[in-house]
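Peer 1: Just so you know, we're using the working numbering here: the sequence shown kicks off at 26 and counts up by one.
Quick one: this structure, given as structure tokens, is what I'll be asking you about.
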Amino acid sequence: MKTYKIKSFTDFLDHIEIIELMDYDINLFRGQSKNNALLPSICREKPTFDSTEVERKMLEDFKRRSPLLISKKFESDWEWLVYAQHYGLKTRLLDWTSNPLVALWFACQNQYELKNNSYLYILSCDENLQVNLVENQSPFESSHTKILRPTLNNERIIAQSGWFTAHKYSNKANKFVTLETNKSIKTNLKEIEIPADIKKDILNKLSIFGINSRTIFPDVNGLSMHLNWKYLIK
26 MKTYKIKSFT DFLDHIEIIE LMDYDINLFR GQSKNNALLP SICREKPTFD
76 STEVERKMLE DFKRRSPLLI SKKFESDWEW LVYAQHYGLK TRLLDWTSNP
126 LVALWFACQN QYELKNNSYL YILSCDENLQ VNLVENQSPF ESSHTKILRP
176 TLNNERIIAQ SGWFTAHKYS NKANKFVTLE TNKSIKTNLK EIEIPADIKK
226 DILNKLSIFG INSRTIFPDV NGLSMHLNWK YLIK
């Protein structure tokens, strides 16, 4: 995985322009306040544990308990996973976005990590890595880690231009394999390091372009987060 260190917001935009000119079918972006392993929440703490059956039971229980809480109807377990993921359920899905500015905001926004460098990951690939939703295959029966372009079934995923990588427990490796060590994916990954001393300036510029808590989380909570930043942190 190649690593770059940017010097400014403009430098970041220049990197993104270069990526877009490479003419991949898909370019996805993920921002993190730390360079932790690229693993989904269901296996982050213990990658060697095969949580497939546990996750399947969690999703079934989520379906059973949620009818009075949500009015939406979903046609597949993929749609259920996407919805549950965005409201806190631990799943095999790892969040990405097709909007590099959204990923940059997620990389820089943690107020408790402003003094530390942040990281942004770019996954560039062809459509053959994408989940074929037409086949209606279960998320728990996929043979490889894939990219998921989800149905836009909640406000947050729309606002965040959300995509996912859908991870699989590897029986050969006896663990969930991180993307940065996955043989079929690691050559398509790039890492951008964001120095701590430019993060506040980046957040200010992103807000000018309409990327902030209020737009990323289009609800009352997002508005409150934005006002906290605007009046107390900025």
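We put the CB at the ideal spot given by N, CA and C, even for glycine.
I need the straight-line Cα distance from PHE74 to LYS208, nearest angstrom please.
Peer 2: Answer to the nearest angstrom: the Cα atoms are 20 Å apart.
Peer 1: Which partner residues of LYS27 appear in the DSSP bridge assignment?
Peer 2: LYS215.
Peer 1: How long is the line joining the alpha carbons of PRO125 and LYS88, rounded to whole angstroms?
Peer 2: Distance between the alpha carbons of PRO125 and LYS88: 33 Å.
Peer 1: Where do the ends of the beta strand (DSSP E) carrying ILE95 lie?
Peer 2: It is not in any beta strand (DSSP E) - ILE95 carries neither H nor E in the DSSP assignment.
Peer 1: Identify whether GLN185 lies in helix, strand or coil by the three-state DSSP scheme.
Peer 2: Looking at GLN185 - three-state DSSP - the assignment turns out to be coil, as it is neither helix nor strand.
Peer 1: Let me know the secondary structure DSSP gives ILE67 once reduced to three states.
Peer 2: In the structure shown, ILE67 sits in a helix (DSSP, three-state: H, G or I).
Peer 1: First and last residue of the beta strand (DSSP E) that includes SER163?
Peer 2: No beta strand (DSSP E) holds SER163; DSSP gives it neither H nor E.
Peer 1: Mark ARG90 as exposed unless 16 or more other C-beta atoms lie within 10 angstroms of its C-beta, in which case mark it buried.
Peer 2: Exposed is the call here.
Peer 1: Around the C-beta of HIS169, are 16 or more other C-beta atoms found within 10 angstroms, so that it is buried, or is it exposed?
Peer 2: Exposed.
Peer 1: I need the DSSP call for SER36, collapsed to helix, strand or coil.
Peer 2: According to the sequence displayed, residue 36 carries Asp and not Ser. If DSSP states are grouped into helix, strand and coil, ASP36 belongs with the helices.
Peer 1: From GLU138 to LEU204, what distance separates their C-alpha atoms?
Peer 2: Answer to the nearest angstrom: the Cα atoms are 24 Å apart.
Peer 1: Between the alpha carbons of LEU84 and THR35, how many angstroms are there, rounded?
Peer 2: When rounded, the distance between both Cα atoms is 42 Å.
Peer 1: From this set, THR77, TRP121, ILE241, LYS255, which residue's C-alpha is nearest TYR194's C-alpha?
Peer 2: The shortest Cα separation from TYR194 among THR77, TRP121, ILE241, LYS255 belongs to THR77.
Peer 1: Could you give the DSSP three-state label for SER232: helix, strand or coil?
Peer 2: Note: SER232 maps to helix in three-state DSSP.
Peer 1: Below 8 Å on the Cβ atoms is my guess for HIS251 versus ASN237; work out the distance and round it to an integer in Å.
Peer 2: That pair is a contact at about 5 Å.
Peer 1: Assuming ILE261 contacts TYR144 under a Cβ cut-off of 8 Å, what Cβ separation, rounded to an integer in Å, is found between them?
Peer 2: Residue 261 falls outside the range modelled here, since the chain spans only 26 to 259, and no answer is possible.
Peer 1: Report the three-state DSSP secondary structure of LYS255 (helix, strand or coil).
Peer 2: Helix at LYS255.
Peer 1: Return helix, strand or coil for TYR112, following the three-state DSSP convention.
Peer 2: It is coil, neither helix nor strand.
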